[in-house]
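If you use this note's numbering, the sequence shown closes out at 165, no skipped numbers anywhere. Beta carbons are placed, not taken as given, at the ideal position from N, Cα and C, and that holds for glycine. In this text the structure is predicted, and so the values were computed from the model without any measurement.
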Amino acid sequence: MTSLQAAQGGIQQQLGTLSVVGWAGEYGDGRDMAFLLVFSLGDGAGTREEPVAAMRQLAESTGLTIGGDILDATSAGRQFPVTALVEGGQVALTMPKMSVQYSTPPEWIAAAHDRGHVYFLLATQPWPQVRLGNEIQQDALREFLSEEVLSTSAHCLLPVRRLAR
Numbered sequence: 001m002t003s004l005q006a007a008q009g010g011i012q013q014q015l016g017t018l019s020v021v022g023w024a025g026e027y028g029d030g031r032d033m034a035f036l037l038v039f040s041l042g043d044g045a046g047t048r049e050e051p052v053a054a055m056r057q058l059a060e061s062t063g064l065t066i067g068g069d070i071l072d073a074t075s076a077g078r079q080f081p082v083t084a085l086v087e088g089g090q091v092a093l094t095m096p097k098m099s100v101q102y103s104t105p106p107e108w109i110a111a112a113h114d115r116g117h118v119y120f121l122l123a124t125q126p127w128p129q130v131r132l133g134n135e136i137q138q139d140a141l142r143e144f145l146s147e148e149v150l151s152t153s154a155h156c157l158l159p160v161r162r163l164a165r
């Protein structure tokens, strides 16, 4: 199970409620990867297409590409407008016009620190079946992350940032 967090900000009326969910899982090389997914609940004012267009606009305004290759933002010295600060059992995800703190399970933190980056997904397709305050079951997450959703999402590797010590 994964817990759900809501994010505020940006073009709220078209986006609706933005939510964040994280999980850790094996990524083809026998090691766990920390995944972080941002999606809309699709509860904004307007038509069903508006959240999709607004999420595309949000992705493009941050330099993310929908579909296609995984953007690697981990290069040293690279300035990128999306950041993941991982400290104290939480990740603080910051994007233009949006920031959220998300409490993550220990296995997520371990995977993020082990790899030094997180796999960030920005889904353009809304997930209206999710309800704030409820946990998301693994089966529901797998079902949502269909080939269609993944092919219409932005994919990015974000470096794990930490507070200076």
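DSSP three-state assignment for residue i, whether helix, strand or coil
i      : result
Ser146 : coil
Leu163 : coil
Asp114 : helix
Val52  : helix
Asp43  : coil
Glu107 : helix
Leu18  : strand
Asp139 : helix
Met33  : strand
Reference residue i, options the options, closest by Cα
i      : options                       : result
Met98  : Glu50, Arg161, Ser61          : Ser61
Tyr102 : Phe39, Ala24, Ala92, Gln79    : Ala92
Val160 : Leu41, Gly42, Gln90           : Gln90
Arg78  : Gly63, Glu26, Leu145          : Gly63
Phe144 : Ala123, Asn134, Leu18         : Ala123
Leu121 : Leu132, Ala84, His113, Arg131 : Ala84
Glu147 : Gly67, Ser75, Gly133, Gly16   : Gly67
Asp139 : Trp23, Thr65, Trp108, Gln125  : Trp23
Leu141 : Glu26, Tyr27, Ile109, Leu37   : Leu37
Pro188 : Leu163, Pro106, Asp43         : For the chain, the structure presents residues 1 to 165; residue 188 sits outside this window and is missing.
Ala112 : Val100, Gly133, Glu87, Leu132 : Glu87
Cβ distance (whole Å) where residue i is taken to contact residue j below 8 Å
i      : j      : result
Val52  : Ile136 : Not confirmed; about 21 Å, so no contact.
Pro96  : Leu41  : Contact flag wrong, Cβ pair sits at about 20 Å.
Val118 : Ser19  : Not quite, the Cβ-Cβ distance comes to about 17 Å (not below 8 Å), so this is no contact.
Gln14  : Ala54  : 4 Å
Does the segment 59–79 come within contact of the segment 24–44, defined as at least 3 CB pairs closer than 8 Å?
-> no
Identify every run of the beta strand (DSSP E) within the segment 50–101, keeping only runs that are complete inside it and at least 3 residues long; order them along the chain.
-> 83–87, 90–95
For the 8 Å Cβ check, are there 3 or more pairs between the segment 155–165 and the segment 39–53?
-> no
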